[in-house]
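Residue numbers (the numbering used here), protein chains in the order written: chain A, 38 to 338; chain B, 12 to 343; chain C, 7 to 332.
Ideal placement from N, C-alpha and C gives every residue a C-beta, glycine not left out.
Reading through the structure tokens given below for one structure.
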């Protein structure tokens, strides 16, 4: 009994609730100033996107606010970034472009993540023919140049933002599935999973309750990287004329700028590029920071 | 002794586990490794069978085959008279309540994302035990294993190695098992913590009449906890007897060499040390005849032809797989 | 006896989130030619950091050697310029690590790795160095060394790799060899081979050996002098026979009693319970005031909670850091 008592004494008893690895990760992330700045940028863009969506700011974006191609001026918020060929506010268009960009990132991630996680998990956990099937499927898919696939999708589904969602969603899960498959392969023979088996846990419990929470950080890291790829791809598709129709996306703005630059109209191109630059950069920094703070391998035992 | 009216709980008969080795472009099976090669023994209720051997001898695989955490290639494992190897998946899962395992690495065997309470409560939930009084049960288990109830809301990484091993023991005990495979349970722990865990395990054995299969490479620890000891070499049991007989009167030259190789904390005491030459051969291509003959100090011609049977030498209940068991082995 | 290495008041710290921790706290000892000093202790006691400090291989940051001196043939290693230190490292003082698996570079042959050290430190041709490598492999008992010298590490077994590590460490005839848990990753029968080999080499080459281990059995059978460390401090120091027959520090005593042991020469009677040291080693960030062992000590007194006990003489060449006279 005296032995037991002393074991207790050495317990870290300073706080009643335990700290999970998530809380630990958050504490580490908070110390990274750059990551917090990136997080703030992402938050700020999301706020703009939401406000634009509900018409709280920058409405209507397609009203004529001045002469065609007027240069940026500070007399009016609408004219901060000048006007386009129809005399519409470039600043408003840029804000609305944020809405399109963020929604493309979010929706494609929502489509791609479940597919990638599920297929990767099944392949990595069961191995054997399940694995071979999944691997065959995604290697076949990824052997087609993705821009061709995207173009094919938009032709089949018609142009527009909906096609962009679907096209990006069903093509961008391959990388995630590969990562998840590898992690599941590593984890399925770990002792904590065997321990779960030995207490009678079935496959479902082992996959979703035990292994998944230990690899979910990969999904989060992947999310922040995929988000910016989706944003960039949307811009490229729209530039090629295959993307968003009748709405002010950054890609459409850059496409418009093709004809404008020769006339010295630089503001449309610059505002779309700069808007994109910050969010892509923020997601990149955030992805790296999340990897550093979430990856349990970097934590000492 | 106890063997007169023995009450076997676990009976292992001719157990074999071979892993295929794939090669070539078509990944065909080109060879196989017999990790466990035709092993038979019984463990009686309330007893501890120690299983010793060097790394790669198949002792961990054997432990996992008995629980069917690895499917054995052939042979039978009977648990309380029931043939475990023939059970369908559903019934096997129900049987898991009665047999548990504790692993070597308490860092790897606890899910880092679950609280200690969830970890210990999970087996209760899976088997539908202690409904409505689970948290009392978890507290009781923590207390039994020398941990405070507050541990429930904490995560494994907040504990030291010894405390984590206590959590693993509590999880194994949760479903009131009869049999626990202990796979090197103290090897990863510091010396002063080892003895705490060993004491705990022996107290629990007495309190709950547990049966242990205690796997370890540490002969000192095995001697301390076991009633019977089996010595494995390259997937085969080469000697099996009561702990006392193995340690005071070893028959097989390999057992003798193992025992003489343990450094003992008695400076100045001169011992006859048998230094074996060479390494353990690869289990992919075990030597012809007796697997031990290339390293054996008393090897003779006929050792190269057939593997010696595991038979009694001199004493009852003391078996060794050696044609020249009991012959003196000259140390240096 | 000829003193080769003299460590005086060594303090090595690590900067962590919990503050600056003293991993090695005021440690002093001597190493003599042809003798073995055993350093024993549990994980986190500072035994490995001590050896890395001697080699000046403490990663900085977060680690730093704060104070003290390490005199080797009269020179203070801590004051040497790094280029000078490199000449000593691997040449006059070498080290063997615990993991033979990860201490060898998998993309170079065994011969490449041994000759690298020789060519680096001694003015010999590549050809001569290779001959020397073969000779070293032969010395450490590797069969057909002429062939093995061209093998890659993965082609060798664990015991063979540790032999290669020893051959590498010995290739420049060092005066001091530091072996950090050299046999922990190996099986008992292989461990016996390696320990036997190290003993033989120490005698034939006349070097000094610092053997770091957690295994009291290994210490008893190989060391001449013993240093017992606990939470960064030396708690007991003495000749091996004296320590094992007449341990005076409660920690050393507890450690010795807590290992299950058997004597093959006698019929053993079974004692069911092992004696234990209750509790766990305190974290370096939460050390109590006074003696570090107080929370686990069965003899704890009021004075133990005051000032930290200094090492004091309790017998010939036998010192302990404890107020109690056991």
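query                                                                                                                                                                              : result
How is the alpha helix (DSSP H) around residue 309(A) delimited, first residue to last?                                                                                            : 304-331
Taking the alpha-carbon positions, what's the residue 214(A) to residue 299(C) distance?                                                                                           : 51 Å
When DSSP labels each residue in this structure, what does residue 29(B) get in the three-state scheme?                                                                            : strand
I'd like to know if the segment 250-265 of chain C and the segment 220-236 of chain C are in contact, where contact means that at least 3 CB-CB pairs between them fall below 8 Å. : yes
By the DSSP assignment, the beta strand (DSSP E) with residue 85(B) in it spans what residues?                                                                                     : 85-90
Could you tell me whether the Cβ atoms of residue 211(B) and residue 111(B) are closer together than 9 Å?                                                                          : no
What is the DSSP secondary structure of residue 254(C), reduced to helix, strand or coil?                                                                                          : coil
Quick one: which unbroken alpha helix (DSSP H) runs of 4-plus residues sit fully inside the segment 45-82 of chain B? Chain order, please.                                         : 70-77
DSSP beta-bridge partners for residue 183(C)?                                                                                                                                      : 100(C), 215(C)
Is DSSP giving residue 193(B) helix, strand or coil here?                                                                                                                          : strand
Using Cβ-Cβ distances below 7 Å, what residues of the segment 167-185 of chain A are close to chain B?                                                                             : none
Spell out the partners DSSP gives residue 324(C) in its beta bridges.                                                                                                              : 321(C)
Specify, as a first and last residue, the run of the beta strand (DSSP E) that residue 190(A) falls within.                                                                        : Looking at the DSSP string, residue 190(A) is not in any beta strand (DSSP E); the run it does join, the alpha helix (DSSP H), is 183-194.
Can you tell me which of the three DSSP states residue 308(C) falls into?                                                                                                          : helix
Within this structure, are the beta carbons of residue 197(B) and residue 48(C) separated by less than 9 Å?                                                                        : no
Please list, in chain order, the residues of the segment 239-252 of chain C that have any C-beta partner in chain B closer than 7 Å.                                               : 246, 247, 250
Which whole-angstrom value is the C-beta distance of residue 159(A) and residue 171(A), which I expect to be below 8 Å?                                                            : 7 Å
With DSSP collapsed to three states, give me the class of residue 39(B).                                                                                                           : strand
Could you name the residues that DSSP lists as bridge partners for residue 241(B)?                                                                                                 : 62(B), 251(B)
Does the separation of the CB atoms of residue 139(C) and residue 116(C) fall below 9 Å?                                                                                           : yes
Whose C-beta lies closer than 7 Å to the C-beta of residue 141(B) among residues of the same chain, with five residues either side of it excluded?                                 : 135, 148
Would you kindly check if the distance between the Cβ of residue 16(C) and the Cβ of residue 74(C) is under 9 Å?                                                                   : yes
As a quick exercise: from 265(B), 275(B), 42(B), 104(B), pick the residue whose alpha carbon is nearest that of residue 341(B).                                                    : 265(B)
Could you tell me the boundaries of the beta strand (DSSP E) in which residue 235(C) lies?                                                                                         : 231-236
Counting only the same chain and skipping the five closest in sequence on each side, list residues whose C-beta sits under 6 Å from that of residue 316(A).                        : 82
I want to verify the contact list: residues of chain B whose CB lies under 7 Å from the CB of residue 227(A), in sequence order.                                                   : 119
Starting from the Cα of residue 29(C), find the closest Cα among 306(C), 308(C), 291(C) and give me that residue.                                                                  : 291(C)
So for residue 36(C), helix, strand or coil by DSSP?                                                                                                                               : strand
Could you check how far apart the C-beta atoms of residue 64(C) and residue 108(C) are, in whole angstroms? I think they sit under 8 Å.                                            : Not a contact, Cβ separation roughly 19 Å.
With three or more beta-carbon pairs closer than 8 Å as the criterion, would you say the segment 66-79 of chain A touches the segment 320-331 of chain A?                          : yes
Assuming residue 45(C) contacts residue 286(C) under a Cβ cut-off of 8 Å, what Cβ separation, rounded to an integer in Å, is found between them?                                   : That belief does not hold up - the Cβ atoms of residue 45(C) and residue 286(C) are roughly 21 Å apart, past 8 Å.
Can you list, in chain order, the residues of its chain with a C-beta nearer than 6 Å to that of residue 117(B)? Leave out the 5 residues immediately preceding and following it.  : 172, 175, 176, 179
What first and last residue would you give for the beta strand (DSSP E) that runs through residue 9(C)?                                                                            : 9-22
Looking at the secondary structure, which residues open and close the beta strand (DSSP E) in which residue 245(C) lies?                                                           : 239-245
Would you mind sorting residue 318(A) into buried or exposed? The rule is 16 or more other CB atoms within 10 Å of its CB.                                                         : exposed
Looking only at C-alpha atoms, which of 63(A), 146(A), 88(A) sits nearest to residue 262(A)?                                                                                       : 146(A)
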